[in-house]
Structure formats: C-alpha cells, structure tokens
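Report on one structure; see the data block that follows.
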Amino acid sequence: MLASCASADAAAELPAGPVVDLADILPADEEALLDRHLRAYFRDYGTAIVVASVASLEGKTIEQVAFETFNTWGIGSSDDDRGLLILVAPNERKVRIEVGCGLESVITDEFAGIVIDDNILPQFLLGDFPGGIEAGVDALAEELADHPDAHALSPLCLDPERQAA
C-alpha cells in the first residue's frame with residue numbers, strides 16, 4: 017500500500033501503515049479502527065488512503081510537505097498511482113489532501129477543497145480531530161464509489177510531459 021514522518025523533514029521515513037499520527041491527535045482506539053478501515057479499503061478497492069499528522073511543518077507550506085510526503089512514501093501503486101493523502105498539521109491549523117494522478121479525474125483540487133471545508137474543518141473546529149478525519153475519509157470514499165471508473169488508470173498518468181515533471 018505504501019512504497020514515518022516525525023516532522024516535515026522526516027518524510028523520507030516510510031510508515032508501517034495507513035495512519036501516521038505523529039501530532040498525537042487520535043486516541044489509540046480510534047487510530048486502530050481507522051487503520052483497519054483504511055487497510056480494508058485498500059484490500060477491497062486497490063486505492064490507498066493514508067492519513068498523517070505532523071507536529072510541525074518546519075517552515076514549509078502544507079502543499080510542500082504533502083507533495084514530498086506523498087511521493088517519498090509512494091502512496092498507491094506505481095502502476096496506477098491510485099492514492100490519497102490526508103495531511104493534518106494541527107499546530108499550524110492546516111489540512112491538505114494530496115491526490116495521486118490515477119485519481120485526479122475524480123478527486124479534483126476543487127473537490128478536495130470542498131471535503132476539507134465541508135467535512136473535515138467543521139469537526140476540527142469543534143476539537144474533534146477523529147471525527148473530522150473520519151468525515152473526510154468517508155467523503156473521499158463515497159466520491160470514489162460514485163465513480164466506478166475512478167479505479168481505472170487515469171489518462172492523466174499517461175501524459176509523458178507530466179511524468180517527466
């Protein structure tokens with residue numbers, strides 16, 4: 017599923033599973049439940065959804081850290097790049113959904129922003145990090161389920177200019 021990140025610069029470390037809660041925002045029982053859910057989702061649909069929190073972005077933007085983490089960890093299969101990363105930086109009050117090119121035709125930047133604004137942040141503002149993460153994961157999984165072709169290789173992944181970037 018994945019090709020640990022104590023901080024923004026630690027993205028080179030590979031996680032052991034789909035939940036890497038280094039900012040300690042998830043109670044152990046909820047982290048274990050989310051881990052089982054994401055592993056089952058990967059097994060059933062072949063799409064990797066990874067949730068990570070970092071204690072600090074260390075002066076980088078959330079976009080930089082999410083992009084570096086996504087690519088360093090190799091989220092999703094290298095054959096089809098079907099992976100999603102939900103990155104939470106609670107101390108900087110930032111959230112980002114990074115999308116592999118195999119899912120960009122369904123989980124667009126616009127849709128990811130809607131999920132953050134409508135599903136994740138309302139729960140976070142109530143102090144409910146587990147609820148916000150669960151709501152975000154559910155919204156992403158529901159959108160993928162509504163688009164069965166999302167589990168096929170996106171033409172975006174086949175663009176030679178994009179692969180060279």
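The numbering used here runs 16 ahead of the 1-based position in the sequence shown. Glycine included, every Cβ here is placed at the ideal spot set by N, Cα and C.
(request) Could you please give me the residues that DSSP links to K110 through a beta bridge? (result) On the sequence shown, residue 110 is found 94 positions in, with the first residue counted as 1. According to DSSP, which records beta bridges pairwise, K110 is partnered with A105.
(request) Drop a sphere of 10 angstroms on the beta-carbon of P43, count the other beta-carbons inside from all chains shown, and report buried for 16 or more, exposed for fewer. (result) Within the sequence shown, residue 43 is the residue found at index 27, counting from 1. Exposed, by the Cβ-count rule.
(message) If you reduce the DSSP assignment to three classes, tell me which class D37 lands in.
(response) In the sequence shown, residue 37 corresponds to position 21, counting from 1. The answer is strand: DSSP assigns D37 an E or B state.
(message) So for I149, helix, strand or coil by DSSP?
(response) For this step, residue 149 is matched to residue 133 along the sequence shown. Looking at I149 - three-state DSSP - the assignment turns out to be helix.
(message) So the candidates are Y61, A39, V67, T88; which of them puts its Cα closest to the Cα of D51?
(response) Position 35 of the sequence shown, counting from 1, holds the residue named residue 51. Cα-wise, what sits closest to D51 is V67.
(message) Applying the 10 Å Cβ sphere with the 16-neighbour rule, what's the burial state of G116?
(response) Position 100 of the sequence shown, counted from the start, is the residue given in the question as residue 116. Label assigned to G116: buried.
(message) Using 7 Å as the threshold, is the C-beta distance between L100 and I65 below it?
(response) The residue you call residue 100 lines up with position 84 of the sequence shown. The residue you call residue 65 lines up with position 49 of the sequence shown. Going by C-beta atoms, L100 is nearer than 7 Å to I65.
(request) Could you check which residue in E120, R112, G118 has the C-alpha nearest to that of G148? (result) Locating residue 148 in the sequence shown gives position 132, counting from the first residue. For G148, the nearest C-alpha among the options comes from R112.
(message) With H, G and I counted as helix, E and B as strand and the rest as coil, what does DSSP make of G143?
(response) As a first step, residue 143 must be located in the sequence shown, where it is residue number 127. Three-state DSSP puts G143 in coil, outside helix and strand.
(message) Taking a contact to mean a Cβ-Cβ separation below 7 Å, would you say D14 touches G118 in this structure?
(response) Since the first and last residues shown for the chain are 17 and 181, residue 14 lies out of range.
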